[in-house]
Amino acid sequence: MLQLSNERSFDTAGGMETGNAGDMAALNLARLIAAAADTIAAHAEELTALDQAIGDGDHGLNMKRGFEAVRAEAEAFSAKPLHDALKAIGTKLVMTVGGASGPLFGTLFLALGKEISAAPDRANLTAAFGKAIEAVAARGKSQVGQKTMLDVLQPVHDALLQGKTAPEIAGIADAAAEATVPMKALRGRASFLGDRSIGHMDAGARSTALLVRTIVETLEGQP
Ligand SMILES: [Mg+2]
């Protein structure tokens, strides 16, 4: 599977290097799933607290339930071609996360699966990720600047386009989640609060940043 690190993934001309054989990708996907599920589990209470402030307080539990369901089938998912595996993850998240986030996170992975190649390089991942963000925006009838997960996804996409390194991308995701604090929510349950949504981080932006950091750090750490 691909590396995000410029040193390891890019030749001097800025081109891309594709990953190893299929079973390597499968192994790495299982590691990614485990790492993502661990991160969500470790931060479930924090995500719930964020959602309690300006939502209905179910985000941590919902995400944990969904990612544990994906973890339970990690072996089967990892045996599939990458695009099928991502679609299976998306479908599982839609079915198990629930709330508003289930369809949105599910759509992200379903659309990624639709667009990604069998052995993605950074250019393909970036393009697929861009399409997936469009799909999430359409599903949520939302756009950047409305205090949602899109406010993390879009800067991460920009960072991928700009050739940022894995640590830089993780930092950009964290900063983007922080940047939702002063925003007024215009989509989702928090939007019912109007100005009272200002001053709190969006829970979906936070979970998205956590996942981005986990994924890029796991990819970076792979041989
Ligand atoms: Mg909620």
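Counting in the working numbering, the sequence shown runs from 156 upward without gaps.
From the three backbone atoms N, C-alpha and C, an ideal C-beta is built for every residue, glycine too.
Item, Value
"Neighbourhood of A325 by C-beta distance below 6 Å, restricted to the same chain and skipping five residues each side", "R368 and V371"
"Backbone CA spacing between G221 and F260 [nearest angstrom]", "10 Å"
"Straight-line gap, H355 to G212 (C-alpha atoms, nearest Å)", "13 Å"
"Environment of P106 [buried if 16+ CB atoms lie within 10 Å]", "Any answer about residue 106 is impossible in this case: the structure gives the chain only from 156 up to 378."
"heavy atom of ligand 1 below 7 Å from G254 C-beta", "yes"
"Contact between the segment 201 to 208 and the segment 355 to 366 (3+ Cβ pairs under 8 Å)", "yes"
"Cβ-Cβ distance between A345 and K296 below 8 Å", "no"
"Inter-stretch contact (C-beta, 8 Å, three-pair minimum) for the segment 182 to 191 and the segment 328 to 337", "no"
"Option in K235, A274 and T262 with minimal Cα separation from M305", "Position check: residue 305 holds Leu in this sequence, whereas Met was assumed. Looking at the Cα atoms, T262 is the closest of the given residues."
"M304: first and last residue of the uninterrupted alpha helix (DSSP H) it sits in", "Segment: none, M304 is in no alpha helix (DSSP H) and carries neither H nor E."
"Touch test, the segment 267 to 279 against the segment 229 to 246, Cβ-Cβ under 8 Å, three pairs minimum", "yes"
"Test: G253 CB closer than 8 Å to a CB of chain C", "The displayed structure is made up of one protein chain only, and chain C is not part of it."
"Neighbourhood of L267 by C-beta, 6 Å cutoff - its chain only, sequence neighbours within 5 removed", "L241, A283 and A287"
"Any non-hydrogen atom of ligand 1 within 7 Å of H214 CB", "yes"
"Residue from A190, D193, F232 and I209 whose Cα sits closest to the Cα of G349", "I209"
"CB of L374 within 8 Å of CB of A321, strictly", "yes"
"Neighbourhood of A189 by C-beta distance below 7 Å, restricted to the same chain and skipping five residues each side", "R226 and A229"
"Closer than 7 Å: D206 CB and nearest ligand 1 heavy atom", "yes"
"Buried versus exposed, by CB contacts within 10 Å (16 or more), G177", "Confidence at G177 is low in this model, with a pLDDT of 43, below 50, so its placement is unreliable and the value that follows should be read with caution. Under this definition G177 is an exposed residue."
"Beta-carbon separation (whole angstroms), G118 vs L265, contact threshold 8 Å", "Because the chain here runs from 156 to 378, residue 118 falls outside it and cannot be looked at."
"Same chain only: Cβ atoms within 7 Å of A243, ignoring 5 sequence neighbours per side", "F232 and K235"
"Separation of N279 from A340, as counted between CA atoms", "32 Å"
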